[in-house]
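Notes follow once the structure below has been shown.
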Amino acid sequence: MKKIIDSLKTGIYFDHYLFISITILSLMGLVFLYSASDGNTTTVIKQSFFVIFGLILMFIVSQPDPDFYKNNSLIFLIFSIILILLTLLVGKEVNGAKRWLDLGFFTLQSSEIVKIALPVFLAAYLYDKTLPISLLNTLVTLVLIFVVANFVRIQPDLGTSLVILIAGIYVLFLAGLSWRFIGVSSGIFILSLPFIWNNFLEPFQRQRILTLLDPTADPFGSGWNITQSKIAIGSGGLQGKGYQMGSQAHLDFLPETETDFIFSVIAEEFGFIGVCILLSIFFFILLRCLYLALNARDRFCRLTIGGLSLLFLSTIFINLAMVIGIIPVVGMPLPFISKGGSSLLSFYLAFGIVISMATHKKLMQK
Amino acid sequence: MIDINERFSEKKNFFNRLIFVYIFFACLFLYFIYKTFSLQVSSFTDYEIASLKNKTREVLIQPRRGIIYDRNGEIIVNNVPSYNLIINPSEINDLDSTLSNIKKIIDLSDLEIKNAQDNFSLKKKLNRELILKTNLTNEEIAKFEVRKYRYPNLFIAERYSRKNMYPYLFSHSVGYVGSINEEDLQDILSSQDLKPRETIFKYSNGYLKGKTGLENIYDKQLRGFFGKRIYEVDANGRFLEEKETIDSIDGKDIYTSLDLTAQQVSFNELNNRRGAVVAVNLENGGILSYVSSPSFSVNDITNGLSQKEFNKLLNDDDKPFFDRAGQGRYSPASTIKPAIGLFGLEKDLIDWQYTIDDIGFFVLPEDGRIYRGWRKDGHGIINLQDAIIESSNTFFFSLAYQTEVNELVKYLSNFGFGKNICLDCFYPDKGLLPSPTWKMNTHNFGWFKGDTVNLGVGQGYLSATPLQLAYYSSFLANKGSLNNFSFVQNNKDVIRNNFMTNNINDVDWKKIHESMIGVIENPKGTASRLKNLKEYIIAAKSGTVELVSTETKEDYKIIRETEGNRDHAIIIAFGPMPNPKYAVSVVIENGESGGSVAGPVAIAVLNSLIKE
Chain A
7 MKKIIDSLKT GIYFDHYLFI SITILSLMGL VFLYSASDGN TTTVIKQSFF VIFGLILMFI
67 VSQPDPDFYK NNSLIFLIFS IILILLTLLV GKEVNGAKRW LDLGFFTLQS SEIVKIALPV
127 FLAAYLYDKT LPISLLNTLV TLVLIFVVAN FVRIQPDLGT SLVILIAGIY VLFLAGLSWR
187 FIGVSSGIFI LSLPFIWNNF LEPFQRQRIL TLLDPTADPF GSGWNITQSK IAIGSGGLQG
247 KGYQMGSQAH LDFLPETETD FIFSVIAEEF GFIGVCILLS IFFFILLRCL YLALNARDRF
307 CRLTIGGLSL LFLSTIFINL AMVIGIIPVV GMPLPFISKG GSSLLSFYLA FGIVISMATH
367 KKLMQK
Chain B
14 MIDINERFSE KKNFFNRLIF VYIFFACLFL YFIYKTFSLQ VSSFTDYEIA SLKNKTREVL
74 IQPRRGIIYD RNGEIIVNNV PSYNLIINPS EINDLDSTLS NIKKIIDLSD LEIKNAQDNF
134 SLKKKLNREL ILKTNLTNEE IAKFEVRKYR YPNLFIAERY SRKNMYPYLF SHSVGYVGSI
194 NEEDLQDILS SQDLKPRETI FKYSNGYLKG KTGLENIYDK QLRGFFGKRI YEVDANGRFL
254 EEKETIDSID GKDIYTSLDL TAQQVSFNEL NNRRGAVVAV NLENGGILSY VSSPSFSVND
314 ITNGLSQKEF NKLLNDDDKP FFDRAGQGRY SPASTIKPAI GLFGLEKDLI DWQYTIDDIG
374 FFVLPEDGRI YRGWRKDGHG IINLQDAIIE SSNTFFFSLA YQTEVNELVK YLSNFGFGKN
434 ICLDCFYPDK GLLPSPTWKM NTHNFGWFKG DTVNLGVGQG YLSATPLQLA YYSSFLANKG
494 SLNNFSFVQN NKDVIRNNFM TNNINDVDWK KIHESMIGVI ENPKGTASRL KNLKEYIIAA
554 KSGTVELVST ETKEDYKIIR ETEGNRDHAI IIAFGPMPNP KYAVSVVIEN GESGGSVAGP
614 VAIAVLNSLI KE
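For the protein sequence lines, the chains are A and B, in the order given.
FYI, my numbering numbers position 300 of the first sequence as 306, with every residue one higher than the one before it.
FYI, my numbering numbers position 432 of the second sequence as 445, with every residue one higher than the one before it.
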């Protein structure tokens, strides 16, 4: 009997720290979403299906050996890029943005897949390169990152393209991008900022950045979202107004309560204490990822865990910084909390891969 | 492939870089937590208020205006309920079927239907009432009441209309209310520490403000205080829940000194002729009657008059909007004579025995210019008393000739000439009390002795309003002690004016009164025709204001062909004698004879007052 359990234990790849904390986070997300959607049970039931399916997906994805991902990463990347190109051609248009592929039972936000596939591919591409990474490899990698990010940008989905961009750069950086290259390119980047401002940003995106600098300049226009979000967060106080009692959220003052601004709802209803509890779960997951990355079996696993965890970290930070008005509004969900199946599944997928990388030891080490 | 050493250094390198990024983000998160802390804990109060402000909406509740009474408690201006048909759009899905249902019992005009259709969706979104029809008739109300159960979303609400019960009688005294502009509203509300907001109206006409007369002067008291109702609203401003109501405070009622009966008598006696009557209670200076004729309906003005009708009133040659009682300037003419006589006594220029020989005219010694009396052959040897009774011009020409003009002007201002003698009249005119300085400043001309002589018979530059003439009349009646006029009872701001004199004693006053009684009682008196009209002993002094200077009666007959050239008729009177209680002044434009045209009006008003 004990043998069977032991063999099951060795046969199953499972990180209970991550699994439990992500499950708790997902369940909290459902509770928050119920309030943020004004008690819309349809939304919550739909989201629950994604959570259950996502947890199963995470478990399944964590079973194959990392080599499986290493060897097939190019196929995954090509597949996800095809999805993106398909989206651009036949995607569903909502509010002037073509981001979704209608699969009949589910509308897939294709950029959420490439967000995971790209870092994994880059890790597989760079893991055996000598240090420091040669200029040629650096440029090849950067071109790939920028091409993929640009496919997403023209949907347009600035938020996700930004995340893809930084996730790719994280892997490149962790793989050993030369400091000299970093110094030179960041110099060029800073100098080209005015050029980017004038040529790559849509007028509404420029407006968002200007709004950030002075939200009071136009409190009822483009500053409305930030102003109302700050009022929601601030009026939550230490203990919050109570579950489903947030007037900012429930009287329509707060925009996009189910997606981008769900954190404001949480902060309004659960206060600073609630914010701290939520953040500590996020921190726990991140620290666990850091630990796993440092103890990973090889360079590919290290890079993948590092890249995906930083992707997770950046997504959280961009969302939080946005709702509190530190950075412009870019449209970024809060992982495991915000409504949206694609985003939810992409992070289950990411953590499934992380668990796979962390739990499979090399046979020779055994 | 990479060797062991390289792998070791790669691992270290990876370790450093990952930690570097984590620390970088740790710093960012610390900043984020600091920002959240400062929002939620340090500035909590500010944001709590902001959130509360977001979800609450204050709505003002209009107060009811005070009622205006006459001195006997008769209502002059009241708030009359009118009934409006109202629906609640947020409970109605199909407006058109609702409207066609309503049309089965209450007729709706195309305009009313269009208005309902235009505003329906907005009112629905905001959860506000929609007024379908205003001023329902009793029949419509009855029809609705019976079938009310069939129309759950329809109801009738009471709104007031400001209504003057005697729309023509008090047009210039009580005045009227009207709608309000943005600036007025701001002023009114800020005086009550409020800001303009959506308002629940008590009046069908919305915000009201006193535009003229007492409605204007006492607007603040009549207005009352706005109440507040606080609603919870969503981001669209939709009413969700009523939270709190602070009721409005109705305006204070005003008990005026006006006397409905006297007012009616004055109005009827004037009978739409151009003119004015002012009657006063001598005891307290309260204005009993204040009529300017012709008049207009204040209710029409308040409740909306078509532009055409309004223009017709505005362009009427008789100028019904013009307040003749308080703003019309008329020469006092012969009514000034008692005051001139008093000045002569004051300065010892004359006494009651002093006589002159009135040969029908006065010759100004300086340039030989002739100043004629009204009787061609004069009044013969005449003293002050008879000069008042018979209204001898020559006597007063020669008396005025002897005076020092600046002293005379100063003396006349005692009687209310050239100044405002009313505490709460609506823009009263001060008339004109001329002086050498005034003439130099305005006409750039020196004062002639002839100007002083003209002043002696109340002609020339001197002019006064009927209100001032009433004051003058009252001042004579009260022997030089009188309150400033006021329209309200128990006015706290009242001022007692006392005559500044060293030389006029009670005997003099009595003789002045006797002379003025003689104007009616004495067969030679200029108003002796009134003897049969009066029911009490009345003192009076008539006057006839020459508008065009003529040498002879024949000349006058020619110019009087044009009505506007005819003399104005003036009279001041008080009674009952010997202890007068009421004084009156009457002006009838182009009425020609003070005694026989203005006189009967004055007698009728005094009779009615004394009888009361």
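All residues carry an ideal CB built from backbone N, CA and C; glycine is no exception.
Item	Value
Quick one: what's got a C-beta closer than 6 angstroms to residue 280 of chain B's C-beta in the same chain, skipping five residues either side?	182 and 304
My guess is that residue 323 of chain A and residue 41 of chain B are in contact by the Cβ rule of under 8 angstroms, so how many angstroms apart are they, rounded?	6 angstroms
Just the chain A side, please: which residues come within less than 7 angstroms of residue 35 of chain B by C-beta, in chain order?	296
Between B:434, B:369 and B:129, which lies nearest to residue 107 of chain B when the distance is taken from Cα to Cα?	B:129
Looking at the C-beta of residue 124 of chain B, does it have a partner C-beta in chain E at a distance below 8 angstroms?	The structure shown contains no chain E; the protein chains it does contain are A and B.
Using 10 angstroms around the beta-carbon of residue 282 of chain B, count the other beta-carbons present and answer buried if the total reaches 16, otherwise exposed.	buried
Using a C-beta cutoff of 8 angstroms, does residue 239 of chain A count as contacting chain B?	yes
Are there 16 or more other CB atoms within 10 angstroms of the CB of residue 208 of chain A, so buried, or fewer, so exposed?	exposed
With DSSP as the reference, label residue 581 of chain B as helix, strand or coil.	strand
Do residue 294 of chain A and residue 24 of chain A come within 8 angstroms of each other at the CB atom, strictly closer than that value?	yes
Give every residue of the same chain whose Cβ lies closer than 8 angstroms to the Cβ of residue 71 of chain A, excluding the five residues on either side of it in the sequence, and list them in chain order.	362 and 366
Using a beta-carbon distance cut-off of less than 8 angstroms, what residues from the segment 226–258 of chain B approach chain A?	245, 246, 247, 248, 249 and 253
Please confirm whether residue 19 of chain B has its beta-carbon closer than 8 angstroms to some beta-carbon of chain A.	yes
Determine, for residue 49 of chain B, whether the minimum Cβ-Cβ distance to residues of chain A falls below 8 angstroms.	yes
For a cutoff of 8 angstroms on Cβ pairs, would you count residue 176 of chain A as touching chain B?	yes
Across the segment 224–240 of chain B and the segment 259–271 of chain B, are there enough close Cβ pairs to call them in contact, namely three or more that are closer than 8 angstroms?	yes
Quick check: what's the CA-CA separation for residue 311 of chain A versus residue 208 of chain B?	60 angstroms
Under 8 angstroms, Cβ to Cβ, is there at least one residue of chain B near residue 270 of chain A?	no
Using a C-beta to C-beta distance shorter than 8 angstroms, which residues of chain A count as neighbours of residue 54 of chain B?	243, 244 and 278
Would you please verify whether the beta carbon of residue 76 of chain A is less than 8 angstroms from any beta carbon of chain B?	no
Quick one: list the residues of chain A neighbouring residue 68 of chain B, beta-carbon separation under 7 angstroms, in chain order.	253 and 257
Taking the Cβ atom as the reference point for each residue, do residue 340 of chain B and residue 302 of chain B lie within a distance shorter than 8 angstroms?	no
Please list, in chain order, all residues of the same chain as residue 350 of chain A whose beta carbon is under 6 angstroms from its beta carbon, the five residues on each side excluded.	56 and 60
Distance check for residue 80 of chain B and residue 90 of chain B, CA to CA, integer angstroms please.	6 angstroms
Given a cut-off of 8 angstroms on the beta-carbon distance, is the pair residue 232 of chain A and residue 48 of chain B in contact?	no
To be precise: take each residue of the segment 288–321 of chain A, compare its Cβ to all Cβ atoms of chain B, and keep it if any distance is under 7 angstroms. Which residues remain?	296, 299, 300, 305, 308, 312, 316 and 319
Quick check for students: name the residue ranges of the alpha helix (DSSP H) that lie wholly in the segment 221–297 of chain A, counting only runs of 4 or more.	230–242 and 253–256
With a threshold of 8 angstroms between beta carbons, is residue 31 of chain B in contact with chain A?	yes
Taking the alpha-carbon positions, what's the residue 354 of chain A to residue 249 of chain B distance?	38 angstroms
Taking the alpha-carbon of residue 78 of chain A as reference, which of A:37, A:119, A:98 and A:126 has the nearest alpha-carbon?	A:126
Chain B beta carbons: is any one of them nearer than 8 angstroms to that of residue 284 of chain A?	no
Give me the Cα-Cα distance between residue 74 of chain A and residue 241 of chain A, rounded to the nearest whole angstrom.	50 angstroms
Determine the chain B residues that contact residue 281 of chain A at a beta-carbon separation under 7 angstroms, and present them in chain order.	49
Rounded to whole angstroms, what is the Cα-Cα separation between residue 602 of chain B and residue 572 of chain B?	15 angstroms
Straight-line CA distance for residue 613 of chain B to residue 482 of chain B?	17 angstroms
Per DSSP, residue 213 of chain B is paired with what?	B:74
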